[in-house]
Each structure stands twice: as structure tokens, then as C-alpha cells.
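Step one of this worksheet: look at the structure below.
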Amino acid sequence: MVMPQFATMLRRRLLGLVFSLCAGVASAQGTPSPTLTKSQAHQALSYALKTNQADAAYRLALGLLNHDPTDPAAHYALALIFTGAGDTKAARKASRAAFRFSRTDLQSYSSANLSARLAVKDERFTQAQYWLRRAHTNAPGQVQRNAAVQSFRQVRARNPLKFKLSGSISPSSNVNNGSLSRNMIIDGVPAIGVNVGDAMALSGIEAMLNAAVSYRISENESSETRLVGRVFTRHVTLSDDAKNLAPAASGSDYAFTVLEGGVRHAFRLKPKGAIWSLGGVVGKTWYGGDPLHDLFRLEGGWGWSPAKGRRLSFKAINEWRRPDNAPDTRDIYSSLGASYSHTLQSGNRLTTALSLSQTDDANPVFSSQGAVAQIGYSFGRAFGPVKLSTSFKVGVSDYPDYRVGFITVPGGRKDTSVAGEFELMFHKMHYAGFAPTMTFRALRTDSNVSRFETEQLSLTFGIRSSF
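For the sequence shown, the residue numbers in mature numbering (1 follows the signal peptide of the UniProt record, and there is no 0) are -28 to -1, 1 to 439.
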């Protein structure tokens, strides 16, 4: 019986404090003596909110803000009161103030989470994603972080706007795909030439940025249509050694930019069945600062998840390119790819992929066929502050009509490439759900034309979303 009596006494005391402070706040004239300490006022405010005494809570919050305009609890209380009254505009303003003046992780998390809920209520989904990323950053514990990630994914699924941004900086031993050897040797041909200047491998730093965006313009239970766009850019800075090796070369000579836009339609033929997709894209590319070619691409895809954690997909592409230096000609690039991924019981993920490609160039020298096989493995659990993933890739290319000047390469040019990479993501160093990555990459290409025998070692520093 002691506990119920104590609880009743406490409620009565807090209620008395609420009314006494309300009276003090309502007094516009004179200098009334304080009736509550700041701590008591916060207790009274909390009690008023819990007991749905909105008017008393409003007056208490105003009283606290009159004493301290940066009081985060008072701003947060106003946000809750305005939310209950249906005034989301005022509630958003108050929750932003609560976040700005937050003094603890819990206050920051709570106000950011409330801002996200208010944004969802007004169907401001992109704004909600922003606030959920802030909530993830300031979450006081793993439970709250997991909740923020789950909410983010739910909002992302509802948001008609999707965007993906990634960037990296890579010190590299070969930024221009230059040759390993000074000698220009063609297997089966007795003549020997010389590789000079930028025909040799040049070291430097590559900086890359990729931004993709799409907007859903229609949807129903079995399909959706999106407008899509992408910008990719690559810039190079040559090392001092590279400048000495090729004095006439400049990093801007190897700059590359792609600008694309188009439409994609995805649909299911039956509920929970495979997803089919069709799309058309137009674009333009630049190399070395000059226009390279215009493009038009048709693409189709098919993806199916036979079981949880398993995914099988196919993709076909046919791309027509109009070279800027020969606008009356057309190059055609075609590819067909398949991939399979499987999340194991351990949480680790295995991925495999195979792609076939063909290029029909207006200049037969550059027409080719190729194939690439890849296998990847990522670990589900972290190793201390990092998450690990690795991949290995083998590719072959055949240029049946390749020539070097007037010399025809016997049997055509044949290249074989082997590449491996090892990526570390520092998931503990995240900010707003973005974590830094570091990737070690090694690539070697063997060819019967020594100009295309290359080797590249690079270390890439990037940033990627962790959810």
C-alpha cells in the first residue's frame, strides 16, 4: 500500500507545480517570485505531457524558453504539442530547434527521429531520410541505430525520389592504361618498335564521382516507371615521375565524363514473381575535355529471388554510339550478363557474375569480343572496426582485325586480364550512415601486342552508405 500512496502524492505534487508555474507564466506584469526550480519545471513538463495536459505543457514550455531560449527539452515538448494539435509546420520548426540545441545523444536522436516522423506525415520523404541519417549518427545505442536503419529503409521504399552518390580518390601506378615495356613487340612479327611518352604507364592520382538519380512517375501493385539520370566524372593528376616520363602529357588528357538520362519500367507478371525491366537511355561522353560520342542505349533485365538471401539476375544491353569525330558512322556495343548472389547461414555473402560483350566499330581495328568472369565474397560479421570483402576477376578480349599501323597482327590481338581487390569498410567511423572505405586493387593484362601489356596497383579511398 505504500507505493500507490507515494505515487498518488507525487502526482498531486507535480500537478500543483504545473498549476503554480502556469500561474507564474500567465502573470504578464510585475516580477513574481519563482515558484519552481528548473529541474522541477522539467519534471512538471514531463508529467503534463504524459497526462495529455497540452495547455499546461505549452505554458510550462514557454516558461522554460523564456528563462532559457536554448532549452532542448522545452523545444521538443512544443514539437510534441504542435504535432498533437495537427500543426506540423510549427512542430517541424520546434523539433529542428530541439535538435540544434540538443546537449545529449538521446536528445539529438529523439528530436531527429521526431523531425523524420513529421516529414513523413507531410510526405517529405527525402527530408525524412536526411533526419533518419542524423538520428543514426546520434543514436545513444545499437538498438536505436537499428531502429533508424529500419525506418530509413521503409521511407526509402515510399520515396519516389532515389539517389546514390559515391566518390573516391585513388593513388595509382597506371592512370592511363599504359604499357609495362618500352619495346613494342607483336607476337609473330619480327619487327620491334618503341613505346615512348604516354604510351608508357604513368602514375598519378585518380578522383572519381558518380551520382545517379531516379524519380518514380507512376506505379501500381505490379509495376513502376522511373525517370533516370546519371553523371560520372573522372579526373587525373599526374605524378612528377609521370611528367618527366611524358612531358607533353597532362592529367586533363585522361579526364572522362558521362552524362545520361532516360526512362526505365519494371514489372511483375505475377505476385512475388520475377521482376522484369526495360529501359531506354540517351547520353553523351567527353574524353580529355573534348566530346567523345553521343549514345542511345536499350536495356532489359530479369531478376528473381528463389529463396531468402538468394538472387539470380540477367541483363542485356545494346548501345549505339555516334563518334563526335565521325558523326556519319555508328559503333554498336552489346553485352549480356548474369549474376547470382547467396547469403550464407553465417551471414557471409557469395556473388558470382559472368558477362559477354561485343563491339562492332566503324573502324574494324577496334571491333572486339570479350568475356569476364567474377567471384566475390563479403563477410557478414565485422572484424573489430572493419568489414571485409574481396573479389577476383578474369577477362579475355579478342580483336580479330587489329593492326598496328600497316602491320596486321597475326591471329588478331588477344588480351587476358586478371584483377583482384580487397576492401575494408570502417563501419565504426560512420557519419549519417556513410562510412569510409579503403580498397587495395591489383590488375594485370597480358597481350600478344606488348603495348597492351599493362599492370596497375592502386589504393582507393572512398565513402559509401552503410545501409
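Note that beta-carbon positions come from the ideal geometry of N, C-alpha and C, so glycine has one too.
Does DSSP put residue i in a helix, a strand or coil?
i      : result
F424   : helix
A66    : helix
F338   : helix
L124   : Here residue 124 turns out to be Phe, not Leu, going by the sequence shown. Correct three-state label for F124: helix.
Q25    : coil
A119   : helix
G384   : coil
D170   : helix
G201   : strand
Q330   : strand
S437   : strand
A84    : helix
H237   : strand
V(-27) : In this prediction, V(-27) scores a pLDDT of 37, lower than 50, which makes its location untrustworthy; no coordinate-derived value is stated.
R96    : coil
N290   : strand
G150   : coil
R31    : helix
S194   : coil
A218   : coil
Relative to the alpha-carbon of residue i, which residue among the options has its alpha-carbon at the smallest distance?
i    : options                   : result
S222 : G245, P243, R202 and Y259 : Y259
G160 : T98, T380 and D262        : T380
R423 : Y403, E393 and G377       : G377
V254 : R236, E232 and I247       : E232
L316 : G352, Q330, R96 and T426  : G352
D418 : V390, R128, G309 and I435 : V390
R202 : F135, R68 and Y226        : F135
N148 : T209, S311 and Q99        : T209
S318 : S350, L308, D332 and G342 : S350
D262 : D225, E271, G281 and S339 : D225
I141 : N420, V421 and T411       : T411
Q126 : R68, Q101, L137 and N155  : Q101
V235 : Y187, D296, A354 and T229 : Y187
A214 : E191, L174 and M180       : L174
G367 : T42, A51 and Q341         : Q341
E191 : R240, N216, L181 and I164 : R240
Taking just the CA atoms, how far does residue j sit from residue i?
i           : j    : result
D59         : L90  : 10 Å
S369        : T76  : 58 Å
V92         : L396 : 34 Å
L326        : S306 : 14 Å
residue 457 : A84  : The structure shown has nothing for residue 457, since the chain only spans -28 to 439.
A70         : V121 : 22 Å
A414        : S80  : 43 Å
T197        : A220 : 48 Å
R128        : N118 : 15 Å
L21         : T257 : 59 Å
L152        : G384 : 20 Å
A45         : G309 : 55 Å
Q12         : A107 : 28 Å
L104        : R68  : 13 Å
P162        : G139 : 46 Å
P4          : S18  : Caution applies to P4, whose pLDDT of 44 falls short of 50 and renders its modelled position unreliable; the value that the coordinates give is listed next. P4 and S18: Cα-Cα distance of roughly 23 Å.
L181        : T331 : 26 Å
Y403        : F439 : 12 Å
residue 451 : A49  : This structure gives no information on residue 451, because the portion of the chain shown stretches from -28 to 439.
R293        : D333 : 9 Å
With a cut-off of 8 Å on the beta carbons, I'd call residue i and residue j a contact; round off their distance for me.
i    : j    : result
T426 : G150 : 7 Å
F406 : S437 : 6 Å
M172 : A218 : 7 Å
R64  : S87  : 6 Å
Count the C-beta pairs between the segment 165 to 178 and the segment 107 to 117 that are closer than 8 Å, then say yes if the count reaches three, no if not.
no
Would you call the segment 297 to 306 in contact with the segment 272 to 283, where contact means no fewer than 3 C-beta pairs closer than 8 Å?
no
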